[in-house]
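**Student:** Plus 2 on top of the position in the sequence shown (first one is 1) and you've got my numbering. For glycine and all other residues, C-beta sits at the position ideal for the given N, C-alpha and C.
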Amino acid sequence: MIRDAFINNMSSNEIRTRLLEHNVISLQEAVNKAMTLNSAKEKAELYTKSDLIINSVIAVDPGTEITNTSAALKQECYFCGKQRNPRVNCPERNTTCNNCGKVGHFAKVCKSASKRTACVSVMSLIISSSSPTTTELKNAIVEAKPNGTNISALIDNGSSLCFIDERLYKTLELKLLSADGKLLMASTSFQSRLTGYAIADIELHGFHYSNSKLHVIPNACTDVIIRQDILQLHFNLTNSFGGPKAPLTICGLALAKIHAPSLFVNLSKNCKPVAVKSRRYSVAEAKFINNEVRLLLAENIIEESCSPWRAQTLVVTSDNHKKRMVIDYSQTINRLTLLDAYPLPKINDMVQAISKYRFFSTVNLKSAYCQIPINARDKLYTAFEAGGRLYQFKRIPFGVSKESWIHP
Numbered sequence: 003m004i005r006d007a008f009i010n011n012m013s014s015n016e017i018r019t020r021l022l023e024h025n026v027i028s029l030q031e032a033v034n035k036a037m038t039l040n041s042a043k044e045k046a047e048l049y050t051k052s053d054l055i056i057n058s059v060i061a062v063d064p065g066t067e068i069t070n071t072s073a074a075l076k077q078e079c080y081f082c083g084k085q086r087n088p089r090v091n092c093p094e095r096n097t098t099c100n101n102c103g104k105v106g107h108f109a110k111v112c113k114s115a116s117k118r119t120a121c122v123s124v125m126s127l128i129i130s131s132s133s134p135t136t137t138e139l140k141n142a143i144v145e146a147k148p149n150g151t152n153i154s155a156l157i158d159n160g161s162s163l164c165f166i167d168e169r170l171y172k173t174l175e176l177k178l179l180s181a182d183g184k185l186l187m188a189s190t191s192f193q194s195r196l197t198g199y200a201i202a203d204i205e206l207h208g209f210h211y212s213n214s215k216l217h218v219i220p221n222a223c224t225d226v227i228i229r230q231d232i233l234q235l236h237f238n239l240t241n242s243f244g245g246p247k248a249p250l251t252i253c254g255l256a257l258a259k260i261h262a263p264s265l266f267v268n269l270s271k272n273c274k275p276v277a278v279k280s281r282r283y284s285v286a287e288a289k290f291i292n293n294e295v296r297l298l299l300a301e302n303i304i305e306e307s308c309s310p311w312r313a314q315t316l317v318v319t320s321d322n323h324k325k326r327m328v329i330d331y332s333q334t335i336n337r338l339t340l341l342d343a344y345p346l347p348k349i350n351d352m353v354q355a356i357s358k359y360r361f362f363s364t365v366n367l368k369s370a371y372c373q374i375p376i377n378a379r380d381k382l383y384t385a386f387e388a389g390g391r392l393y394q395f396k397r398i399p400f401g402v403s404k405e406s407w408i409h410p
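(1) Can you find the residues in the same chain that come closer than 8 angstroms, C-beta to C-beta, to D231, ignoring five residues on each side of it along the sequence?
(2) Which value, in whole angstroms, describes the spacing of the CA atoms of N40 and L196?
(3) Assess contact between the segment 241-249 and the segment 347-365, defined as three or more Cβ pairs (one per stretch) separated by less than 8 angstroms. Is contact present?
(4) Taking 8 angstroms as the limit between beta carbons, can you name the residues of its chain near F81, skipping five residues before and five after?
(5) Applying the criterion that 16 or more other CB atoms from any shown protein chain within 10 Å of the CB defines a buried residue, is C1 buried or exposed?
(6) Here's a check: name, in chain order, each residue in its chain whose Cβ is nearer than 7 angstroms to the Cβ of Q394, leaving out the five neighbours to either side.
(7) Could you compute how far the alpha carbon of S280 sits from the alpha carbon of V328?
(8) Ends of the alpha helix (DSSP H) at T364?
(9) In this structure, does DSSP put Y383 in helix, strand or coil?
(10) Considering only the beta carbon of each residue, do V295 and T334 sit closer than 8 angstroms?
(11) Do you know how far the Cα of A200 is from the Cα of M37?
(12) Have a look at the DSSP bridge pairing and note the partners of S214.
(13) Would you mind listing the beta strand (DSSP E) stretches within the segment 234-318 that are 3+ residues and don't spill past its ends, in chain order?
(14) Should F266 go down as buried or exposed, given a rule of 16 or more other Cβ atoms within 10 Å for buried?
(15) Assign D231 to one of three DSSP states: helix, strand, or coil.
(16) What is the DSSP secondary structure of K147, counted as helix, strand or coil?
(17) Taking C-beta to C-beta, are D167 and I228 nearer than 8 angstroms?
(18) Are the beta-carbon atoms of L206 and A286 separated by less than 8 angstroms?
(19) Ignore the nearest five residues each way along the sequence and tell me which others in N322's own chain have a CB closer than 8 angstroms to its CB.
(20) Mind checking whether the beta-carbon of A222 lies closer than 7 angstroms to any heavy atom of the ligand FAD?
(21) When DSSP builds the beta bridges, which residues end up paired with Q412?
(22) Given that a residue counts as buried once 16 or more other Cβ atoms are within 10 Å of its Cβ, and exposed if not, what is S58?
(23) For M327, which three-state DSSP category applies?
(24) With a Cβ-Cβ cutoff of 8 angstroms, do S212 and G198 count as a contact?
(25) Just the Cα atoms here: how many angstroms apart are V226 and G208?
(26) If you compare alpha carbons, which of R169, H210, L269, L233 is closest to P220?
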């Protein structure tokens with residue numbers, strides 16, 4: 003964490019010890035506490051020096067004459083930095099400091115300067131601890147070409163805006179368009195000013211993105227930061243880290259938890275596996291079937307099978323000449339499934355029940371039946387042949403006799 007790096011890299015063991023006395027402390031609280039302790043330490047050293055001077059004066063041989071002038075020469079005024087004098091006679095009493103704007107001291111002895119220096123050093127430490135290096139980001143840095151210039155780009159899907167470093171923007175001589183705003187870092191205490199934005203054509207791994215909006219920020223970690231403005235144009239983004247664990251897939255939509263129903267509970271007593279003879283297809287039909295199977299495999303709806311059952315695929319054409327692949331279960335499991343007496347809802351009763359409401363919402367489900375999983379023991383009954391191979395469904399397919407009462 004940034005807070006731990008900040009405390010660990012402190013030069014003062016005393017301040018580090020004081021911060022570690024807290025069981026729970028935020029980064030901002032640690033910064034404020036460190037600045038307060040540092041300021042108190044400096045003031046304590048000034049008082050220590052004064053005590054040493056006084057003690058040295060008292061320890062002088064009584065026979066030696068000590069004048070107020072000689073003692074004052076050893077001390078400097080806290081307010082003007084000159085020879086120590088009474089406060090009422092101090093020349094800076096009514097002077098405004100050019101450093102902090104307060105009345106009563108000169109800028110050369112201003113304590114705010116020490117505080118500001120400490121603050122700058124603290125901020126520099128935090129930034130150096132939190133700024134990612136090229137080595138840490140190597141898995142997310144790729145080559146890109148804004149307006150034909152080869153640069154390094156960071157792929158970051160954590161924001162909706164794309165950015166370009168202010169120095170690169172000037173090098174490419176892009177036109178700056180006005181845009182106000184601030185870029186917030188991981189902590190709200192750290193912000194970066196947005197200078198504006200520029201329009202550029204970007205080439206990335208063979209893809210071209212015309213008129214891409216790049217917001218200009220100073221001191222960016224890389225030349226260009228590619229974010230959701232461009233990444234959302236793709237179906238997904240794959241970034242290999244080489245770790246030992248399985249791939250982690252993050253989706254903005256939560257999967258519905260649906261209990262897998264039993265499709266084939268009531269089968270006839272003489273139920274035996276049926277393997278329908280293979281069919282012949284035209285070149286166009288075979289190509290269409292292979293494409294549909296490829297899509298079903300990619301969407302994790304079907305899988306390869308070694309079932310003793312085998313249904314055949316058909317290609318049907320609707321009135322608008324749109325092709326559709328269907329599985330003919332009429333010769334296999336549907337012949338041996340006993341229909342149950344499940345009561346279907348009456349449409350008239352449903353309409354009468356909802357007629358008292360004023361607002362209605364509709365949801366259009368894509369591949370409705372294929373969203374509902376089926377039991378592992380029922381999968382073998384759904385086996386079908388396609389492209390010379392045998393597959394089975396992992397989710398409820400169209401065409402089985404008990405699908406209608408399962409899906410609402």
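**Tutor:** In short:
(1) Residue 231 sits at position 229 when you count from the first residue of the sequence shown. Correct list, in chain order: S162, L163, C164, S214, K215.
(2) For the purposes of this step, residue 40 is identified with residue 38 of the sequence shown, where counting begins at 1. For the purposes of this step, residue 196 is identified with residue 194 of the sequence shown, where counting begins at 1. Spanning the two alpha carbons is a distance of roughly 33 angstroms.
(3) With the cut-off at 8 angstroms, the segment 241-249 and the segment 347-365 do not touch.
(4) Start at 1 with the first residue of the sequence shown, and residue 81 comes out as number 79. Once the five neighbours on either side are set aside, the close Cβ partners of F81 are R89, C92, E94, R95, G106, H107, F108, V111.
(5) The chain is shown only over 3 to 410; residue 1 falls outside these bounds and no answer can be derived.
(6) Numbered from its first residue, the sequence shown carries residue 394 at position 392. Excluding sequence neighbours, Q394 sits near I304, E305, S307, S309, K381, L382, T384, A385.
(7) As a working mapping, residue 280 is identified with position 278 in the sequence shown. As a working mapping, residue 328 is identified with position 326 in the sequence shown. One Cα belongs to S280, the other to V328, and the distance between them is close to 15 angstroms.
(8) Along the sequence shown, read from residue 1 onward, the residue named residue 364 stands at position 362. Looking at the DSSP string, T364 is not in any alpha helix (DSSP H), and its letter there is neither H nor E.
(9) Locating residue 383 in the sequence shown gives position 381, where the first residue counts as 1. Looking at Y383 - three-state DSSP - the assignment turns out to be helix.
(10) Here residue 295 refers to the residue found at position 293 of the sequence shown. Here residue 334 refers to the residue found at position 332 of the sequence shown. Their beta carbons are not under 8 angstroms apart, which means V295 does not touch T334 by this criterion.
(11) Here residue 37 refers to the residue found at position 35 of the sequence shown. Here residue 200 refers to the residue found at position 198 of the sequence shown. Using only the alpha carbons, I get a separation of about 39 angstroms.
(12) Locating residue 214 in the sequence shown gives position 212, where the first residue counts as 1. BP columns for S214 point to A202.
(13) 304-306
(14) Stepping through the sequence shown from its first residue, residue 266 is reached at position 264. Buried, since its Cβ has 16 or more Cβ neighbours within 10 Å.
(15) By one-based count along the sequence shown, residue 231 stands at place 229. Three-state DSSP puts D231 in a helix.
(16) Reading the sequence shown from its first residue, position 145 is the one you call residue 147. Here K147 carries a strand assignment [DSSP, helix/strand/coil].
(17) Locating residue 167 in the sequence shown gives position 165, counting from the first residue. Locating residue 228 in the sequence shown gives position 226, counting from the first residue. Not a contact, by the Cβ cut-off of 8 angstroms.
(18) Within the sequence shown, numbered from 1, the residue matching residue 206 stands at position 204. Within the sequence shown, numbered from 1, the residue matching residue 286 stands at position 284. No. Outside cutoff.
(19) Position 320 of the sequence shown, counted from the first residue, corresponds to residue 322. Closer than 8 angstroms at Cβ, skipping near neighbours: no residue.
(20) Because no ligand of any kind appears in the structure shown, any question about the ligand FAD cannot be addressed here.
(21) What the structure shows of the chain is the stretch from 3 to 410, and residue 412 is not part of that stretch, so it cannot be assessed.
(22) Counting from 1 along the sequence shown, the entry for residue 58 is found at position 56. For S58, the pLDDT reaches just 46, beneath the cut-off of 50, and the residue's location in the model is therefore unreliable, leaving the point undetermined.
(23) Translated into the one-based positions of the sequence shown, residue 327 becomes position 325. Three-state DSSP puts M327 in a strand.
(24) Translated into the one-based positions of the sequence shown, residue 212 becomes position 210. Translated into the one-based positions of the sequence shown, residue 198 becomes position 196. Result no, Cβ atoms of S212 and G198 do not sit closer than 8 angstroms.
(25) Numbered from its first residue, the sequence shown carries residue 226 at position 224. Numbered from its first residue, the sequence shown carries residue 208 at position 206. In a straight line, the C-alpha of V226 is about 17 angstroms away from that of G208.
(26) Working through the sequence shown from its first residue, we reach residue 220 at position 218. Comparing Cα positions, the closest option is R169.
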